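Under the numbering used here, the first residue of the sequence shown carries the number 2, and numbering increases by one thereafter. For reference, the structure discussed in these notes is given below.
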Amino acid sequence: MCYNDVMRTLTVKLYGSDDFGYLNDMINIAGIIYNTALTIIQDHYTETGKLLDKYELQKQLRGLRNVDENHHWRYVGSQAVQEITDRIYRAYRLFFTNREKGVKCSPPRRRKVKKYKSVTYKQAGYRFLTGGRISINGHIYRYWDSYDGLLERIKIKTVTVKRNILGEFFVYVTTDSPVTIRETRDGRGEVGMDFGLKMFLSLSDGTMIRSPEFFRQGVNEVRKASRALSRKVMGSNGYERALKALYRRHQDIANRRRDWFWKLSHELCSRYGVIAIEDLNIKGMARMWGRKVHDYAFSEFVEILEWCARKYGTRVIRIGRYYPSSQTCSVCGHVWPSTKDLSVREWTCPECGVYHDRDVNAAVNILAEAKRIMNRMEQAKDA
């Protein structure tokens with residue numbers, strides 16, 4: 002099963018290197034170019050009341066690049082400079098679109114150079130080598146090749162080099178090439194999954210999966226690091242150390258959660274050939290229930306699940322968020338006349354008298370709806 006029409010991102014972390022100074026300098030210079038480009042755009046807007054044409058901006062930046070005092074700009078390739086201007090104009094388009102909709106937002110702003118985080122290359126400036134190595138403008142770095150040499154074989158759209166506050170570097174590769182490494186295997190079952198706040202996942206076969214709630218486990222360490230940061234003078238060395246300590250606490254929580262997501266996704270995709278899930282309104286849920294929804298990170302899990310599904314040849318079907326999976330009896334199809342409060346965890350169907358666990362019943366309905374969707378897709382294909 003191939004997914005040629007899906008753009009996806011592969012991520013690798015670079016091993017520590019004495020040559021990271023080059024990457025730091027490159028990203029710092031990219032930040033200088035970004036700020037210079039914004040200044041040119043804002044000055045032109047002040048004078049004319051119009052947004053400067055992107056290609057005119059690129060022409061001016063090429064001229065500045067050839068000035069002797071800006072010789073360090075050549076650390077950043079010409080295509081990377083074009084991507085910086087693309088990034089700025091995408092931000093302006095979003096700003097103008099939101100303003101037309103009446104959404105309060107700010108136009109792109111200049112950034113502190115040390116807070117500028119990434120540089121993106123398109124066709125040139127990088128090359129993936131054998132043995133888990135990448136060449137960036139002639140500088141060789143090693144990474145853990147968890148993709149078994151895949152990055153050397155696929156067609157690459159862009160490569161982004163990104164640093165974090167701890168001085169670590171990651172490479173993000175976007176591609177639309179198929180990355181399925183296992184063929185679809187027959188004989189695997191089908192399952193519907195209902196996300197919940199009480200149980201992370203309730204499966205249609207009755208399996209319940211509880212989330213470890215990693216943020217709740219580490220919240221005391223986060224609070225301690227946050228209090229330590231609040232006592233420091235902003236901009237001091239102590240402030241920077243405390244900021245990094247707080248970042249490490251959050252990073253540790255995110256890494257442990259992501260590791261659990263990957264293991265769970267591999268287990269589910271190896272067991273089932275079809276997985277049905279509900280398209281949830283995560284933002285709305287977060288406004289209502291706050292931290293717990295963020296701790297569960299449903300969206301991140303679904304993204305990882307879909308990635309694993311491509312590898313195993315598993316089909317993931319999303320059903321509409323407004324389908325009344327919790328209000329419908331999975332036996333007789335009776336729909337509860339009004340929305341049941343979330344405090345109602347079990348209920349008995351007034352029509353057929355079957356007793357239901359709310360979440361398992363919803364998972365069964367989600368799978369049934371997914372099967373109807375697949376049947377309609379097959380009929381449309383045959384028509």
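For every residue, glycine included, the Cβ atom is placed at its ideal position computed from N, Cα and C. Predicted model only: the values in this text are computed from it and were never measured.
Between the options, which lies nearest to residue i when the distance is taken from Cα to Cα?
| i | options | result |
| --- | --- | --- |
| A363 | S18, K158, T208 | T208 |
| K158 | Y173, K123, L130 | K123 |
| R211 | D54, L24, K284, K293 | K293 |
| K156 | V174, E222, T37 | V174 |
| M200 | D206, P213, V332 | P213 |
| A287 | D280, E279, I278, Y297 | Y297 |
| L167 | Q328, F21, A310, W308 | F21 |
| R143 | G133, L151, L152 | G133 |
| L269 | Q218, Q59, V192 | V192 |
| K163 | C309, G239, N25, C350 | N25 |
| K60 | D280, I42, G285, R232 | I42 |
| C333 | A92, V223, C350 | C350 |
| T161 | R154, F171, L152 | F171 |
| V336 | C353, Y273, V68 | C353 |
| K105 | R112, F97, R111 | F97 |
| Y90 | P108, R217, G103, H73 | P108 |
| D303 | S327, V361, F196, H73 | Going by the sequence as given, residue 303 is Val instead of Asp. When each option's Cα is compared against that of V303, the closest is F196. |
| P338 | E347, S327, R346 | S327 |
| Q218 | I254, K225, G239, A226 | I254 |
| Y117 | L95, Y324, A246, N29 | N29 |
| R9 | R322, T176, T329 | T176 |
| R63 | E48, S147, T86, E301 | T86 |
| L198 | H295, H140, W263 | H295 |
| L152 | I141, G139, S178 | S178 |
Considering only DSSP beta bridges, list what residue i is partnered with.
| i | result |
| --- | --- |
| E347 | D358 |
| A277 | G193, I318 |
| Y144 | L15 |
| V174 | L11, V160 |
| T329 | V336 |
| R128 | S136 |
| L202 | F196, I210 |
For residue i, is the classification buried or exposed, using 16 other Cβ atoms within 10 angstroms of its Cβ as the cut-off for buried?
| i | result |
| --- | --- |
| D149 | exposed |
| N366 | buried |
| R228 | exposed |
| D19 | exposed |
| V130 | The sequence shown places Leu at residue 130, rather than the Val named in the question. Looking at its Cβ environment, which holds fewer than 16 other Cβ atoms inside 10 Å, L130 is exposed. |
| G50 | exposed |
| A125 | exposed |
| D280 | exposed |
| M235 | exposed |
| V68 | exposed |
| A38 | buried |
| E184 | Note that E184 has pLDDT 48, beneath the 50 cutoff, so the model's placement of it is unreliable and the number below is only indicative. It is exposed - the Cβ of E184 has fewer than 16 other Cβ atoms within 10 Å. |
| Y356 | exposed |
| D260 | exposed |
| D44 | exposed |
| G17 | exposed |
| Y35 | buried |
| Q380 | exposed |
| E370 | buried |
| E84 | buried |
| G321 | exposed |
| Y323 | exposed |
| N256 | exposed |
Pull up the CB-CB distance for residue i and residue j, whole angstroms please, since I reckon it's below 8 Å.
| i | j | result |
| --- | --- | --- |
| Y127 | S119 | Contact flag wrong, Cβ pair sits at about 13 Å. |
| L306 | S331 | About 23 Å separates the two Cβ atoms, so there is no contact after all. |
| R75 | R88 | Actually they are not in contact, since the Cβ atoms of R75 and R88 sit about 20 Å apart, beyond 8 Å. |
| I276 | M194 | 6 Å |
| R189 | Y273 | 5 Å |
| I278 | R319 | 6 Å |
| V223 | R250 | 5 Å |
| V77 | M27 | 6 Å |
| L368 | S237 | So it is not a contact: roughly 57 Å between Cβ atoms. |
| F215 | R258 | 4 Å |
| S203 | V361 | 5 Å |
| V13 | W145 | 7 Å |
| R112 | G239 | Going by Cβ atoms, the distance from R112 to G239 rounds to 23 Å, so no, they are not a contact pair. |
Compare the C-beta of residue i with all C-beta atoms of chain C and state if any pair is closer than 9 Å.
| i | result |
| --- | --- |
| R319 | This model lacks chain C altogether, as it is built from one protein chain only. |
(request) Give, in chain order, every unbroken run of the beta strand (DSSP E) that is at least 3 residues long and sits entirely within the segment 81-123. (result) 119-122
(request) Can you check the segment 19-77 for any alpha helix (DSSP H) of at least 4 residues that lies completely inside it and give the ranges in chain order? (result) 21-49, 55-66
(message) At 3 residues or longer, what runs of the beta strand (DSSP E) sit wholly inside the segment 234-280?
(response) 273-279
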